[in-house]
Amino acid sequence: MKKEEKHGANRKIPKPRKKIEMKICGVHACKAVFLKRPQDIIRVYVTEENIKDFNKILKFCAEKKLAYRVLNSQEMEKVSESNHHEGVCFLIKKQPVANVADYLSQTQQNKADCVVALENVQNPHNLGAIIRVCASFGAQAILVSHTDPALSGAAFRIAEGGAEFIKLIATENLEKSVLDFKAKGYTAITTSSHNGKSLFEEKMPAKTLVIFGSESQGISPALFKTGDKTLKIPSTGHVESLNIACATSVILAEYWRNHKR
Numbered sequence: 021m022k023k024e025e026k027h028g029a030n031r032k033i034p035k036p037r038k039k040i041e042m043k044i045c046g047v048h049a050c051k052a053v054f055l056k057r058p059q060d061i062i063r064v065y066v067t068e069e070n071i072k073d074f075n076k077i078l079k080f081c082a083e084k085k086l087a088y089r090v091l092n093s094q095e096m097e098k099v100s101e102s103n104h105h106e107g108v109c110f111l112i113k114k115q116p117v118a119n120v121a122d123y124l125s126q127t128q129q130n131k132a133d134c135v136v137a138l139e140n141v142q143n144p145h146n147l148g149a150i151i152r153v154c155a156s157f158g159a160q161a162i163l164v165s166h167t168d169p170a171l172s173g174a175a176f177r178i179a180e181g182g183a184e185f186i187k188l189i190a191t192e193n194l195e196k197s198v199l200d201f202k203a204k205g206y207t208a209i210t211t212s213s214h215n216g217k218s219l220f221e222e223k224m225p226a227k228t229l230v231i232f233g234s235e236s237q238g239i240s241p242a243l244f245k246t247g248d249k250t251l252k253i254p255s256t257g258h259v260e261s262l263n264i265a266c267a268t269s270v271i272l273a274e275y276w277r278n279h280k281r
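Heads up: the sequence shown begins at 21 in our numbering, then just goes up one per residue.
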């Protein structure tokens, strides 16, 4: 007699679907999404105090038959899952994350390009601040490890709209990816708080990959070895070092000074 199969024994377990939506809050972050990619807006929440400021966006929602709601501050805190919502919250589609090969293919004709590589930068506030700095000083992309946190709503808010101007590149192997960038003509620059040549005495090349490590551990030895040169920020020495967002700001401002376009 044929044995009875257990129910579902041979059924394949489906892989969990990637989350393709996210909530963002903050006036500048939400307005930037509307200006750059309004087609990715799914739902809008505003407080009564922000109706006038977001009137154009609410009209857009009505025309496109997108849901929107006016909430009080307490309701907004619950919906946005943040007490730093600034009176507005959008549900949006996530932007696709690039891979290294595609990014290098798209930018191979560029004479100048600045990319920031981050190793083990876990704090979304630091990531948001770095994105804001990148947008301000002409960096085009940020390279992160797959093990690092995805771009969160908190990072979006801290970036103050800068996230709409920066491409996020994900890799499973930072060391190999740095070598891939170098093979395409980029100079890999490692950063250090104590060692290396002065930032103000070394002109960064037009095609540059700047590598930053975590504030607690710095750049790992394996990743550090991939660099072509090491730069440090000259200072009084009264404090141990700058935090990563401040250091990124100083270094990218110098890049912008040399290569602004």
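Ideal placement from N, C-alpha and C gives every residue a C-beta, glycine not left out.
Quantities reported herein were computed from a predicted structural model and do not represent experimental measurements.
In terms of residues, what are the limits of the alpha helix (DSSP H) holding residue 123?
120–127
Look at the Cβ atom of residue 162, then the Cβ atom of residue 199, and state whether they are nearer than 9 Å.
no
In terms of DSSP beta bridges, what is residue 256 paired with?
Answer is none; residue 256 lacks a bridge partner.
Buried/exposed call for residue 203, threshold 16 Cβ in 10 Å:
exposed
For residue 84 and residue 78, what's the separation of their Cα atoms in angstroms?
When only Cα atoms are considered, residue 84 and residue 78 end up about 10 Å apart.
Roughly how many whole angstroms lie between the Cα atoms of residue 108 and residue 45?
6 Å
Would you identify the three-state DSSP class for residue 309, choosing helix, strand or coil?
This structure gives no information on residue 309, because the portion of the chain shown stretches from 21 to 281.
How would you label residue 259, buried or exposed, when you count the other beta carbons within 10 angstroms and need 16 or more for buried?
exposed
Determine the extent of the beta strand (DSSP E) in which residue 112 is found, giving its start and end residues.
According to the DSSP assignment, residue 112 belongs to the beta strand (DSSP E) that extends over 108–113.
If you count every other CB in all the chains shown that lies within 10 Å of the CB of residue 183, and 16 or more means buried, which is it?
buried
Looking only at C-alpha atoms, which of 190, 156 and 209 sits nearest to residue 118?
190
So is residue 206 in contact with chain C if we call contact Cβ pairs under 9 Å?
Note that chain C does not occur in the displayed structure, where there is just one protein chain.
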